[in-house]
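56 is the number of the first residue of the sequence shown in our numbering; add one for each residue after it. Note that the Cβ used here is the ideal one computed from N, Cα and C, for glycine as well. Since this is a predicted model, take the numbers as computed values, not measurements. One structure is given below, encoded as structure tokens.
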Amino acid sequence: MRILFASAEAIPYWKTGGLADVARSLPDALAERGHDVRVIVPFYRLVRGRQLPLEPSAELDVPWPGDPIRTRFLLHRPAHGAPGVLVDEPDFFDTDDPYGAPYGDVLALGRRFAFFCRAIVTYAKAWGADVVHLNDWPTGFVPVYGLLDGLEAGTVFTIHNLPYQGNFPPALVPQIGAPWDLYRPENGFEFWGQASFMKAGLALSARLVTVSPTYAAEIRTPDFGAGLDGLLRFRHGVLHGILNGIDPRIWDPRHDRALPRPFGVEDVHLKAENRAAVLTELGLSGDGPLFVAVTRLVEQKGIDLLLDAIGPIVHRGGCVAVLGSGDVAYERALRDAAAAAPDRVAARLGFDDGLARRLYAGGDFFLMPSRYEPCGLGQMIAQRYGTPPIVRHTGGLADTVIDGVTGLAFHDASAAALLSAVERAWSAWRDGSIDAVRRRAMELDWSWDRSAAEYEAVYACARGPGSG
Ligand code: ADP
56 MRILFASAEA
66 IPYWKTGGLA
76 DVARSLPDAL
86 AERGHDVRVI
96 VPFYRLVRGR
106 QLPLEPSAEL
116 DVPWPGDPIR
126 TRFLLHRPAH
136 GAPGVLVDEP
146 DFFDTDDPYG
156 APYGDVLALG
166 RRFAFFCRAI
176 VTYAKAWGAD
186 VVHLNDWPTG
196 FVPVYGLLDG
206 LEAGTVFTIH
216 NLPYQGNFPP
226 ALVPQIGAPW
236 DLYRPENGFE
246 FWGQASFMKA
256 GLALSARLVT
266 VSPTYAAEIR
276 TPDFGAGLDG
286 LLRFRHGVLH
296 GILNGIDPRI
306 WDPRHDRALP
316 RPFGVEDVHL
326 KAENRAAVLT
336 ELGLSGDGPL
346 FVAVTRLVEQ
356 KGIDLLLDAI
366 GPIVHRGGCV
376 AVLGSGDVAY
386 ERALRDAAAA
396 APDRVAARLG
406 FDDGLARRLY
416 AGGDFFLMPS
426 RYEPCGLGQM
436 IAQRYGTPPI
446 VRHTGGLADT
456 VIDGVTGLAF
466 HDASAAALLS
476 AVERAWSAWR
486 DGSIDAVRRR
496 AMELDWSWDR
506 SAAEYEAVYA
516 CARGPGSG
């Protein structure tokens, strides 16, 4: 099958979170299964600066209000896996802040990703894609333009994070050449007086997927549906829950060059050297366990619960190390917590892949108290690196962490519930029973093979007769 995989971020071009991992590892897994797969992403300024070897793929007219825009599509062939197609249109993508509104102009942000969507449709037609696989709101308008431009490929839309919706004032509609007759609540993209990319994708794609079975059920309820649960209940017959995977070659503690001492399940005692090294790197010391987190610092991730847990952990002699970036208030609170106990708490604010790996390898426990979690990759990576995750039982975390078996889980979104899981983790650490949990966690197989096969079945449905 010829599959065009569309995403606003993908390794090795640009990454803010798990979507970029998925947009590399799922296409690669599909390519390994014999499909012809390309990953289409915008050619942002920060990608241009990376000097990747690129060759021309096509030069095509992308329909746009006024005149079509002649656009270059550049091909990047990585050493392994699916090639990338970079949409080179500086008027929209010459930015170091792809999800930001240029000079506060939200409509310009809407135009950026609407153009991306129309370029995806144009390229998919020229390349002869059988399926266009869309991911999250920046790709949501593809089925709208697909209707306008006669796209024959089937459309599959994966929800990675439902509350991030790309909703814009209706003034955007004429600016992006979208049809007013689809600006309607039923089978259209109108959403409470706004033009919604997410809603366009959900209402008009042939098939919908979200990234874990539990989240697929949760988003059909008002608590998790972010206002779109009614539409998702209506479309439940075409909604699938397929668990994300991780690429075992990218996340492999045996061959991870960022680690001072690579290790596997057979020589897991070497993990202690990574622990000692990361404690030294961060200037930490203590008698208790080291709790680590690698995360976007946003409400979704339960950072408030994590902050409330730091004091009691430190009081008992444990250490906490957090690597993350995001909301200024959380960054400040973490910095304050680290300043109050510099030998027990480390806050590293920013994006640092190497330090992330050393934390996954050196931690005793990985904290992930998310309020909601579509799938989550952090807990899977932590398991692979022998760091039992302590997670809230929600979404993909509920599907990947079995309490007391492959990690620890708690239910209430409260610091007290988190702390009682921390307490249980601590006693398992003290009496050594955590070793069996660690071993089982490391032996879990989160590779993409099974999920890639499930996606193949969904692609077949999306192409089928009457698929929309
Ligand atoms: P989300 O996609 O919601 O941010 P996931 O757990 O699915 O959360 O994926 C997060 C990915 O981003 C993981 O690969 C994690 O290691 C990485 N990550 C998150 N924050 C940072 C950071 N500050 N530095 C390095 N890697 C990070």
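Buried versus exposed call for residue i [16 or more other C-beta atoms within 10 Å across all chains shown]
i	result
Thr265	buried
Glu498	exposed
Gly183	exposed
Gly292	exposed
Ser62	buried
Gly216	Residue identity differs from the one stated: residue 216 is Asn in this sequence, not Gly. Buried.
Val383	exposed
Asn222	buried
Asp490	exposed
Asp302	buried
Ile305	exposed
Arg93	buried
Ser251	buried
Glu428	buried
His90	buried
Ile58	buried
Residue i Cβ short of 8 angstroms to the ligand ADP heavy atom set
i	result
Arg495	no
Gln438	no
Tyr415	yes
Pro317	no
His131	no
Ala411	yes
Ser251	no
Asp143	no
Ser267	no
Gly243	no
Asp407	yes
Gln355	yes
Leu74	yes
Leu325	no
Asn216	yes
Thr455	no
Leu488	Looking at the sequence shown, residue 488 is not Leu but Ser. Ser488 Cβ: outside cutoff for every heavy atom of the ligand ADP.
Where the beta strand (DSSP E) containing residue i begins and where it ends
i	result
Val347	Leu345 to Leu352
His370	Looking at the DSSP string, His370 is not in any beta strand (DSSP E); the run it does join, the alpha helix (DSSP H), is Ile358 to His370.
Phe421	Phe420 to Met423
Pro111	Glu110 to Val117
Phe60	Arg57 to Ala61
Phe318	No beta strand (DSSP E) contains Phe318, which DSSP labels as neither H nor E.
Ala376	Cys374 to Gly381
Proximal residues to residue i (C-beta, below 8 angstroms), its chain only, five neighbours per side dropped
i	result
Pro123	Asp116 and Val117
His295	Arg262, Leu263, Val264, Thr265, Ala271, Glu509 and Val513
Ala281	Leu217, Pro218, Gln220 and Ile274
Same chain, Cβ closer than 7 angstroms to residue i, five either side skipped, listed in chain order
i	result
Ser112	Phe128, Leu129, Leu130 and Val140
Ala156	Ala163 and Leu164
Asp398	Gly338, Leu339 and Ser340
Arg316	Leu325, Glu328 and Asn329
Ala181	Ala113 and Leu115
Trp235	Val228
Gly523	In this prediction, Gly523 has a pLDDT of 48, which is less than 50 and means its spatial position is unreliable; what the coordinates show is noted afterwards. Around Gly523: Ala261.
Arg495	Val460 and Thr461
Ala517	Val186, Gly209, Thr210, Val211, Ala261 and Arg262
Ala411	Val349 and Leu378
Gln355	Ser425, Arg426 and Tyr427
beta-carbon residue i near the ligand NAD non-hydrogen atom, thresh 8 angstroms
i	result
Ala313	Looking for the ligand NAD in the displayed structure turns up nothing; the ligands present are the ligand ADP.
Opening and closing residue of the alpha helix (DSSP H) in which residue i lies
i	result
Arg413	Asp408 to Gly417
Thr150	Per DSSP, Thr150 belongs to no alpha helix (DSSP H) and is neither H nor E.
Phe465	Run containing Phe465: none in the alpha helix (DSSP H); it sits in the beta strand (DSSP E), Leu463 to Phe465.
Ala271	Pro268 to Glu273
Ala86	Gly73 to Glu87
Gly139	It is not in any alpha helix (DSSP H) - Gly139 instead sits in the beta strand (DSSP E) that spans Gly139 to Asp143.
Ile436	Gly433 to Arg439
Asp454	Gly450 to Thr455
Same chain, Cβ closer than 6 angstroms to residue i, five either side skipped, listed in chain order
i	result
Leu314	Asn329 and Ala416
Pro225	Ala250
Ala515	none
Phe148	Pro97, Phe98 and Tyr99
Cys430	Val266, Ser267, Asn299 and Gly451
Asp458	Ala464
Tyr238	Val228 and Glu245
Arg167	Phe147
**Request:** Within the segment 155–229, note down every full beta strand (DSSP E) run reaching 3 residues or more, in order along the chain.
**Result:** As far as the segment 155–229 is concerned, its whole beta strand (DSSP E) runs of at least 3 residues are 186–190 and 209–214.
**Request:** Starting from the N-terminal side, write out each stretch of the alpha helix (DSSP H) that is 4 residues or longer and does not extend beyond the segment 278–309.
**Result:** Listed in chain order, they are 284–289.
**Request:** Pick out the complete alpha helix (DSSP H) segments inside the segment 467–520, 4 residues or longer, and give them in chain order.
**Result:** Runs of the alpha helix (DSSP H) inside the segment 467–520: 470–486, 489–498 and 504–518.
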